[in-house]
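Student: These protein sequences, in sequence, are chains A and B. Under my numbering, residues 1 to 332 are what the first sequence spells out, in order. Under my numbering, residues 1001 to 1332 are what the second sequence spells out, in order.
There are 2 protein chains.
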Amino acid sequence: MLNANCCYHLHVPSPEKTLISRIRKLAGSGKRSIIKGIGDDSAILRPPSGHDLLVTTDFNLEGTHFRREWHPADSVGHRCLARGLSDIAAMGGEPIAAFMSLALPADLPQEWVDDFLRGFLALAKRFDVTLAGGDIAESKSGILADIVVIGSAPKEKAIQRSTARVGNIVYVTGTFGASAVALKALFASGKNSKRLPHSERSEGWGRHFYPEPRLAIGRYLRKHRLATSMIDLSDGLSTDLAHICEESGVGAILNQNLIPIARNADLDLALHGGEDYELLFTARKSAKVPVEIAGIPVTEIGWTTREKKVLITDCEHPAKKLAARGWEHFKR
Amino acid sequence: MLNANCCYHLHVPSPEKTLISRIRKLAGSGKRSIIKGIGDDSAILRPPSGHDLLVTTDFNLEGTHFRREWHPADSVGHRCLARGLSDIAAMGGEPIAAFMSLALPADLPQEWVDDFLRGFLALAKRFDVTLAGGDIAESKSGILADIVVIGSAPKEKAIQRSTARVGNIVYVTGTFGASAVALKALFASGKNSKRLPHSERSEGWGRHFYPEPRLAIGRYLRKHRLATSMIDLSDGLSTDLAHICEESGVGAILNQNLIPIARNADLDLALHGGEDYELLFTARKSAKVPVEIAGIPVTEIGWTTREKKVLITDCEHPAKKLAARGWEHFKR
């Protein structure tokens, strides 16, 4: 826990205790469901009664999930928390608290830590999430953050991946490929993102650096019982749809002409690019799904099928198998 | 979450998806309060109604918290989980679920991962804790594990650090310094622990490699409303008592003749050694605290005071200030 209660801790940018005090001060006391935040052996939370608890945890490792020369520190903080909030959105849940375990290199400038915390806490504030604990350690190489987000949903109402049924309609929110376009530009330039001229910045710049978790949409779908299953799109449409199909024991067929492709992106990036942090959900064909929820377009892209394959068609040729290729840029 | 839902994941000892399947199989479906474990965007838990939720998170980093040449993989797995369980014990709580984020070097032998999981899951099984999720990533240097343990305690009954009152009696469970004796032997030998002859192994060997979280004692103290405050002793008696005093706004005076020192240890290791994973608690002087709880001796070692200093006396000389020196061996 974020309480200096760790065995062999040493030189972090501020000495550990000072850093914890700073974080504790910045985190504030939080909302009513936080009985005790930072400063004890465990945090004490009191989720709404009659709710199930949602818990999600995500690693964010320098070189794997972000690069210091590409991602400003406040973007890293934002993205860390956005990933967890997006997981809560995908369950139709409400976030309550976040826990942040940070391992930092001894030579990391204090300014980086401050900017990271600023990005993290600004997003936390917007969604009324309390930073309620974590851990601090020194890292021998690179920045490591493990973020836990705890949320809740009314009992038995969380929307799972495993509950799609044959003959459901497959919907997605927003558009696809914008984040991948930005990342592609970064890879191509190899440059420090801060020095990239504005003309080289894609439309997906903001989508990549400051993704927006779709909590309002998840909540709407849960409240109106519209979704039979749901997942957030972090790996890429092809991979995440495969997860839904695998967990639900169904297949799917997509109409590639219906995929909402972001400006400057293409079908390949839209299908496999990843990090769009949109939602994919399935609904019964009788469900009245709005064409827009919370200002974001909702698009029908296909159906679930009894045959346990994920297929895609252009309506001109026979349907082909859609490989789950996710985002593979960092792969060797 | 432990669901392959991560952006740029690559070569872990088993390819990521295979490793997740193995963990999912080993973890099992768990107890009734786990509605959904591994395999969705979030885990879904249903803690007992009328309970507050306890959340604790601890980093376990190779080179900082353990060394591969000293600690067998199953000990690392055991210790990772024991730290979190000890935090839940210190609140008087019951553990429910654990979440394990693992970053592993690409060249780590599969055998190490299997042994680690064996150690982790054997302890989890003993305390009826379900491994309900986590994350997997590749590490560029060393093994990293971030462990979250979620537990619960009846509403408003969790025992905090900040609630000691002036004139309380200070108690500890068990004996102190055994783990530090073992670590000292490892430092002195610089050897691979598996090759250390039995004669060089201290009595604290098991205490260091396989610490026992004091959950039964924490539960007893909470049920019988005996403790006014509590903390687990991971950093060392001197440092952890300082935490209680700081959070509660009190001081303390210890009688050094009363400190229960483990065989082969000395007063210095007992006060500052750390990693004993015993409990320190305070109680009103009228409280009927047993001399033994769940087979472990409970010892009175001093009192809390209005003067906000931590003092220690041998009863022969004036009391001296007890510096919070914790465990400092790894410090540069």
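No residue lacks a Cβ here, since even glycine has one placed at the ideal position from N, Cα and C. Just so it is clear, the structure is predicted and the values come from calculations on it, not from any experiment.
Just confirm the distance between the C-beta atoms of serine 21 of chain A and serine 234 of chain A, as a whole number of angstroms; I'd bet it's less than 8 Å.
Tutor: 33 Å between Cβ atoms; not a contact.
Student: Among residues of its own chain, excluding the 5 on either side of arginine 68 of chain A, which ones have a beta-carbon nearer than 7 Å to its beta-carbon?
Tutor: If we look at arginine 68 of chain A and ignore the five residues flanking it on each side, its Cβ neighbours are Glu62.
Student: Between which two residues does the alpha helix (DSSP H) harbouring tyrosine 1210 of chain B extend?
Tutor: Run containing tyrosine 1210 of chain B: none; DSSP gives neither H nor E here.
Student: At a cut of 8 Å, does the segment 276–288 of chain A reach the segment 213–232 of chain A through at least three beta carbon pairs?
Tutor: Output reads yes: the segment 213–232 of chain A touches the segment 276–288 of chain A.
Student: For valine 1055 of chain B, list the residues DSSP reports as bridge partners.
Tutor: Answer is A:Ala43 and B:Ile1150, bridged to valine 1055 of chain B.
Student: Any beta-carbon of chain B closer than 7 Å to the one on serine 387 of chain A?
Tutor: The requested residue 387 of chain A does not occur in the structure, where chain A is confined to residues 1 to 332.
Student: In the structure shown, what three-state DSSP assignment does tyrosine 1277 of chain B receive?
Tutor: Coil, per DSSP.
Student: Would you say aspartate 1052 of chain B faces chain A, with C-beta separation under 7 Å as the test?
Tutor: Taking Cβ atoms only, chain A reaches closer than 7 Å to aspartate 1052 of chain B, which makes this a yes.
Student: If you compare alpha carbons, which of A:Gly177, A:Ile136 and A:Gly295 is closest to asparagine 264 of chain A?
Tutor: Closest option to asparagine 264 of chain A, Cα to Cα, is A:Gly177.
Student: So if DSSP puts phenylalanine 120 of chain A in a beta bridge, which residue, or which two residues, is it bridged to?
Tutor: Note: phenylalanine 120 of chain A sits in no beta bridge, so no partner.
Student: Taking 7 Å as the CB-CB cut-off, is phenylalanine 127 of chain A touching chain B?
Tutor: So no, phenylalanine 127 of chain A is outside the interface.
Student: Ends of the alpha helix (DSSP H) at valine 76 of chain A?
Tutor: That run of the alpha helix (DSSP H) goes 73–89.
Student: Taking the alpha carbon of histidine 65 of chain A as the reference point, which residue from A:His78, A:Lys309, A:Glu316 and A:Leu54 has its own alpha carbon closest?
Tutor: Closest by alpha carbon: A:His78.
Student: Apart from the five residues on each side of it in sequence, which residues of its chain come closer than 8 Å, Cβ to Cβ, to threonine 1313 of chain B?
Tutor: These residues qualify, in order along the chain: Ile1253, Leu1254, Asn1255, Gln1256, Ala1319 and Lys1320.
Student: Using a threshold of 7 Å, state whether the C-beta atoms of methionine 91 of chain A and alanine 158 of chain A are closer than that.
Tutor: Taking 7 Å as the Cβ cut-off, methionine 91 of chain A and alanine 158 of chain A qualify as a contacting pair.
Student: Can you name, in chain order, every residue of its own chain whose Cβ lies under 8 Å from the Cβ of histidine 9 of chain A, other than the five neighbours on each side?
Tutor: Here the model assigns histidine 9 of chain A a pLDDT of 34, short of 50, so the residue's position is not dependable and the matter cannot be decided.
Student: Along the beta strand (DSSP E) that carries alanine 98 of chain A, what are the first and last residues, could you check?
Tutor: Segment 94–104, the beta strand (DSSP E) holding alanine 98 of chain A.
Student: Measuring alpha carbon to alpha carbon, tell me which of B:Asp1040, B:Leu1121, B:Ile1150 and B:Ala1103 ends up nearest arginine 346 of chain A.
Tutor: With chain A covering 1 to 332 only, the question about residue 346 of chain A has no answer from this structure.
Student: Identify whether valine 250 of chain A lies in helix, strand or coil by the three-state DSSP scheme.
Tutor: It is coil, neither helix nor strand.
Student: Rounding to the nearest angstrom, what Cα-Cα distance links alanine 180 of chain A and threonine 239 of chain A in this structure?
Tutor: Alanine 180 of chain A and threonine 239 of chain A: Cα-Cα distance of roughly 15 Å.
Student: Given this structure, state the Cα-to-Cα distance separating cysteine 1080 of chain B from isoleucine 143 of chain A, to the nearest angstrom.
Tutor: The alpha-carbon atoms of cysteine 1080 of chain B and isoleucine 143 of chain A are separated by roughly 21 Å.
Student: Considering only residues of the same chain and omitting the five flanking positions on each side of cysteine 245 of chain A, which have a CB-CB separation below 8 Å?
Tutor: Hits under 8 Å: Ala164, Gly251, Ala252, Thr304, Lys308 and Val310.
Student: Starting from the Cα of leucine 1019 of chain B, find the closest Cα among B:Ser1033, B:Ile1038, B:Ile1034 and B:Arg1032 and give me that residue.
Tutor: Here the closest residue by C-alpha is B:Ile1038.
Student: Just to check my reading of the structure: threonine 1056 of chain B and isoleucine 1088 of chain B have Cβ atoms closer than 8 Å, yes? What is that Cβ distance to the nearest angstrom?
Tutor: 6 Å between Cβ atoms; contact.
Student: Which ranges would you report for the alpha helix (DSSP H) in the segment 1218–1272 of chain B if only whole runs of at least 4 residues count?
Tutor: The qualifying runs are 1237–1248 and 1267–1272.
Student: Note down, in chain order, each residue of its chain lying with its Cβ closer than 6 Å to the Cβ of arginine 1306 of chain B, except the 5 sequence neighbours on either side.
Tutor: So the list reads Val1166, once near-sequence residues are dropped.
Student: Could you check where the beta strand (DSSP E) with serine 1139 of chain B kicks off and where it finishes?
Tutor: Taken as a continuous stretch (DSSP letters only), the beta strand (DSSP E) holding serine 1139 of chain B covers 1130–1139.
Student: What is the residue span of the beta strand (DSSP E) that glutamate 389 of chain A lies within?
Tutor: Residue 389 of chain A lies beyond the stretch modelled for chain A, which goes from 1 to 332, so this question has no answer here.
Student: Who are the Cβ neighbours of leucine 102 of chain A in its own chain at under 6 Å, not counting the five residues just before and after it?
Tutor: Ile136 and Ala145, listed in sequence order.
Student: So isoleucine 1231 of chain B contacts chain A; which residues on that side make the cut at Cβ distance below 7 Å?
Tutor: Asp41, listed in chain order.
Student: Using beta-carbon positions only, say whether serine 1152 of chain B and leucine 1053 of chain B come within less than 7 Å of one another.
Tutor: Yes, the Cβ-Cβ distance between serine 1152 of chain B and leucine 1053 of chain B is below 7 Å.
Student: Keeping to the same chain, check which residues put their C-beta closer than 8 Å to that of aspartate 1266 of chain B; ignore five residues upstream and five downstream.
Tutor: Taken in chain order, the residues that qualify are Gly1177.
Student: Quick one: measure Cβ to Cβ for isoleucine 23 of chain A and leucine 117 of chain A, integer angstroms, because I've assumed they're closer than 8 Å.
Tutor: So it is a contact: roughly 7 Å between Cβ atoms.
Student: Put leucine 108 of chain A into one of helix, strand or coil per three-state DSSP.
Tutor: Three-state DSSP puts leucine 108 of chain A in coil, outside helix and strand.
Student: How big is the Cα-Cα spacing for glycine 206 of chain A and tryptophan 1205 of chain B?
Tutor: In a straight line, the C-alpha of glycine 206 of chain A is about 53 Å away from that of tryptophan 1205 of chain B.
Student: Could you tell me whether the Cβ of serine 1101 of chain B comes closer than 7 Å to any Cβ of chain A?
Tutor: Yes, serine 1101 of chain B lies at the interface with chain A (some Cβ there is under 7 Å from its Cβ).
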